[in-house]
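I have placed the structure first, in the form of structure tokens, so that the comments after it can refer back to it.
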Amino acid sequence: MTERDFVADMNHSLAFAFKHEDFPQTKGHYRRRVNAVTAARITTYEQVYSVLSDPHADDTLHIALLVVLWNIYLSRSHPDEEILDRHRLVIPLTHALESRNWRVRDWALKIVRLLNVTETTQTLQKLMRTDRSERVRRHAMRTLAEMGDEDAIELSIKSAREFLAHRPNAYHIRKNAVITLTDYADRPLVLQTLLDTMLYANESS
16 MTERDFVADM NHSLAFAFKH EDFPQTKGHY RRRVNAVTAA RITTYEQVYS VLSDPHADDT
76 LHIALLVVLW NIYLSRSHPD EEILDRHRLV IPLTHALESR NWRVRDWALK IVRLLNVTET
136 TQTLQKLMRT DRSERVRRHA MRTLAEMGDE DAIELSIKSA REFLAHRPNA YHIRKNAVIT
196 LTDYADRPLV LQTLLDTMLY ANESS
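Numbering-wise, the numbering used here comes out as the position in the sequence shown, counting from 1, plus 15.
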């Protein structure tokens, strides 16, 4: 893959943010991330990879770079256009997944999931089982399940069934659990759980 112009891609993503009302972050929030990257004088993808691979670099800068990469991908002109070099990102993302800051780990997970970086499977399995942040554990589990990891799929099913079994859970929690289970409706007990949930919803309405 030919080296792209990082600054041009970053500026394009910023312009994209201000043109689209449904952009996933506030415009001011994203501009601050871009300003942090600019202030650090990072102008090439090679520098991005280097900083993300440096465990001693500032966590705020790590997060800013990951947010910018994520938005560069989202702002791509064509769905099939290869903006980010996933192979060059394997090592930097692995380092970011091992950060002591859970926000860095969480943002790295978003990009791993977006690009389907299966080379990080071993690190993801460790996060799924031992990470101190429940958010990161669940994000790692969901990412691994989408990659076809059987342990993660079984844990996802178990977790979703437990959420649905606890009736007082909030609507959005139960809704997400149903969405998870529909991906595995052909597995034992999953279809029955979905049917039980539908019956409960009808009885409660």
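C-beta atoms are modelled at their ideal positions from N, C-alpha and C, and glycine is treated no differently. Every value quoted in this text rests on a predicted model; they were computed, and no experiment measured them.
Let me make sure I understand the geometry here. Which of Phe31, Thr136 and Lys173 has the alpha-carbon closest to that of tryptophan 85?
That would be Phe31, whose Cα lies nearest to the Cα of tryptophan 85.
My guess is that tryptophan 122 and valine 82 are in contact by the Cβ rule of under 8 angstroms, so how many angstroms apart are they, rounded?
Yes, they are in contact, since the Cβ atoms of tryptophan 122 and valine 82 sit about 6 angstroms apart, within 8 angstroms.
With 16 as the cutoff for other CB atoms within 10 Å, does valine 22 come out buried or exposed?
Classification of valine 22: exposed, given that the 10 Å Cβ count is below 16.
What residue does the alpha helix (DSSP H) around proline 107 start on, and which one ends it?
It spans 101 to 112 - the alpha helix (DSSP H) in which proline 107 sits, taken as one unbroken run.
Alpha helix (DSSP H) containing glutamate 97: first to last residue?
No alpha helix (DSSP H) holds glutamate 97; DSSP gives it neither H nor E.
Starting from tyrosine 60, trace the alpha helix (DSSP H) in both directions and tell me its first and last residue.
Segment 60 to 67, the alpha helix (DSSP H) holding tyrosine 60.
Counting only beta-carbon atoms, is valine 63 nearer than 8 angstroms to chain B?
In the structure shown, chain B cannot be found, because there is only a single protein chain.
Give me the Cα-Cα distance between histidine 102 and threonine 158, rounded to the nearest whole angstrom.
Spanning the two alpha carbons is a distance of roughly 18 angstroms.
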